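Inspection log for the structure reproduced underneath, given as structure tokens.
Residue numbers (our numbering): 355 to 795.
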């Protein structure tokens, strides 16, 4: 993540590259093999809240067959209604004049991963282009390739002199973005709060992005907002849905899920809110893929969404408690990283931290190790992540280079990604190990 930026395009939609194992196939087994504290892959290592578990129990035990059989393919109506109520109750959506109709503006699927794939399948034709802001979650580009499109990459500029927060360090390269978006661009993917950086795009940035989008009538924005409930300064750096920017409702598919919010990533329940015409395309396609999403999961999520609005653990609602709880975990890990000599970029949202590793000295032989997912030659961030996981200090982290295109992987060489969606005891053990790290210069 240097101060340089670039844009590039894939020369071919060669799907053979997608058969290679990913970073996720490598680092969790590596952590298990070496008994490392896993601060790598972003899944909570605790149970969902009691009211969420209770919602599933209530759903399973409903008398009759309503929740144990197929439901409406587009979206289980109780879930669509709960989501519509949530979005329509948000002041920013109301002030933008946006109103979600549960019958026509919501589609559900197996997490945002499948929601996004169905959206790409519904819109992308061969040689359509999709613009990705790097670093970008590693499922985006492969899904573009799978649907016959061409990914185009624009790296965010990084400037560690601008401040110590993700919002300051990571900046959109507007010149590169404007040079990349063109009449062939069908989709632009926006992720805020952002994985892996923790950046939340500001109103000023979103307004400027809307100005670019408005120049191209066929351009649709996929707004990945799965971390929307994990925001640490809602006054100073609020999460703003791109669909609420003037003129952008008809140009935006807003995507989110229950997994991150309710610590239930295995439930795989995601949704998309957007204009009726595109939602219908997605629903029509989905009926030929998986027909419908599991009724029991959707029903449990619908119940949980309703319950989450009530006071919780001394907070006005569950979401307020959730953000406060993650803030404490973020600050604890941030302090531990600083004490370990790993300067961290302060995330504004989500549950990841990118830390600088320039002060670490990694043995040369690590670069020669067998890796099922690393490029050849092995990038520095991969070597650092592997060494930290299997040798010193035996804390599993994730290299950020998989979040970059081939041409731009060098941007990640000085960083690794930590996650703090872990229990206190695991975070404490991880911090203790980091303090004893012997790989410092």
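Just so it is clear, CB atoms sit at the ideal spot from N, CA and C, and this is done for glycine as well. Just so it is clear, the structure is predicted and the values come from calculations on it, not from any experiment.
Taking Cβ to Cβ, would you say residue i is nearer than 7 Å to residue j?
i, j, result
"residue 393", "residue 773", "yes"
"residue 605", "residue 575", "yes"
"residue 639", "residue 476", "yes"
"residue 507", "residue 486", "yes"
"residue 701", "residue 710", "no"
"residue 489", "residue 733", "no"
"residue 716", "residue 737", "yes"
"residue 494", "residue 543", "yes"
"residue 466", "residue 609", "yes"
"residue 521", "residue 553", "yes"
"residue 788", "residue 751", "no"
"residue 770", "residue 677", "no"
"residue 452", "residue 429", "no"
"residue 344", "residue 699", "The displayed coordinates of the chain run from 355 to 795. Any statement about residue 344 would go beyond what the structure contains."
"residue 791", "residue 746", "yes"
"residue 652", "residue 427", "no"
Compute the Euclidean distance between the alpha carbons of residue i and residue j, then round it to the nearest angstrom.
i, j, result
"residue 425", "residue 438", "18 Å"
"residue 634", "residue 458", "7 Å"
"residue 611", "residue 693", "35 Å"
"residue 356", "residue 447", "Residue confidence for residue 356 is low, a pLDDT of 48 falling below 50, so the modelled location carries little weight and cannot support an answer."
"residue 547", "residue 567", "20 Å"
"residue 704", "residue 573", "27 Å"
"residue 600", "residue 657", "32 Å"
"residue 654", "residue 443", "21 Å"
"residue 358", "residue 588", "Note on residue 358: pLDDT 44, under 50, position unreliable in the model; no value is reported."
"residue 779", "residue 391", "10 Å"
"residue 366", "residue 564", "At residue 366 the pLDDT is 45, less than 50, meaning the model places this residue with poor confidence and gives no usable figure here."
"residue 474", "residue 496", "11 Å"
"residue 765", "residue 551", "13 Å"
"residue 409", "residue 621", "13 Å"
"residue 363", "residue 504", "Per-residue confidence for residue 363 stands at a pLDDT of 44, beneath the threshold of 50, marking its modelled position as unreliable; the derived number appears in the next sentence. Near 7 Å, if we compare the C-alpha coordinates of residue 504 and residue 363."
"residue 598", "residue 380", "39 Å"
"residue 682", "residue 776", "12 Å"
"residue 481", "residue 500", "12 Å"
"residue 664", "residue 713", "47 Å"
"residue 689", "residue 491", "26 Å"
"residue 454", "residue 436", "11 Å"
"residue 468", "residue 631", "19 Å"
"residue 786", "residue 479", "51 Å"
"residue 761", "residue 649", "43 Å"
"residue 595", "residue 731", "40 Å"
"residue 483", "residue 645", "28 Å"
"residue 561", "residue 721", "43 Å"
"residue 450", "residue 590", "20 Å"
"residue 744", "residue 421", "45 Å"
"residue 627", "residue 434", "9 Å"
"residue 593", "residue 607", "16 Å"
"residue 549", "residue 395", "12 Å"
"residue 687", "residue 767", "21 Å"
"residue 537", "residue 412", "50 Å"
"residue 423", "residue 386", "38 Å"
Using the three-state DSSP reduction, which class does residue i fall into: helix, strand or coil?
i, result
"residue 578", "strand"
"residue 570", "coil"
"residue 774", "coil"
"residue 791", "coil"
"residue 652", "helix"
"residue 769", "strand"
"residue 698", "strand"
"residue 536", "coil"
"residue 609", "strand"
"residue 760", "helix"
"residue 617", "coil"
"residue 643", "coil"
"residue 558", "helix"
"residue 552", "coil"
"residue 436", "helix"
"residue 634", "helix"
"residue 545", "strand"
"residue 520", "helix"
"residue 598", "helix"
"residue 593", "coil"
"residue 624", "strand"
"residue 690", "helix"
"residue 565", "helix"
Measure from the C-beta of residue i to each C-beta in chain B and report whether the shortest distance is under 7 Å.
i, result
"residue 507", "No chain B is part of this structure, which consists of one protein chain only."
### beta strand (DSSP E) segments (min. 3 residues) lying fully within the region 711-752
none
### Task
Run through the region 366-424 for me and flag every whole alpha helix (DSSP H) of 4 or more residues, listed as ranges in chain order.
377-387, 404-414
### Task
Give a yes or no on contact between the region 507-525 and the region 663-674, applying the rule of three or more CB pairs nearer than 8 Å.
no
### Task
State whether the region 399-408 contacts the region 615-623, with contact taken as three or more CB pairs (one from each stretch) at a distance under 8 Å.
yes
### Query
What are the complete beta strand (DSSP E) segments, minimum 3 residues, inside the region 446-506?
460-463, 483-488
### Message
With three or more C-beta pairs closer than 8 Å as the rule, is the region 371-378 touching the region 711-728?
### Response
yes
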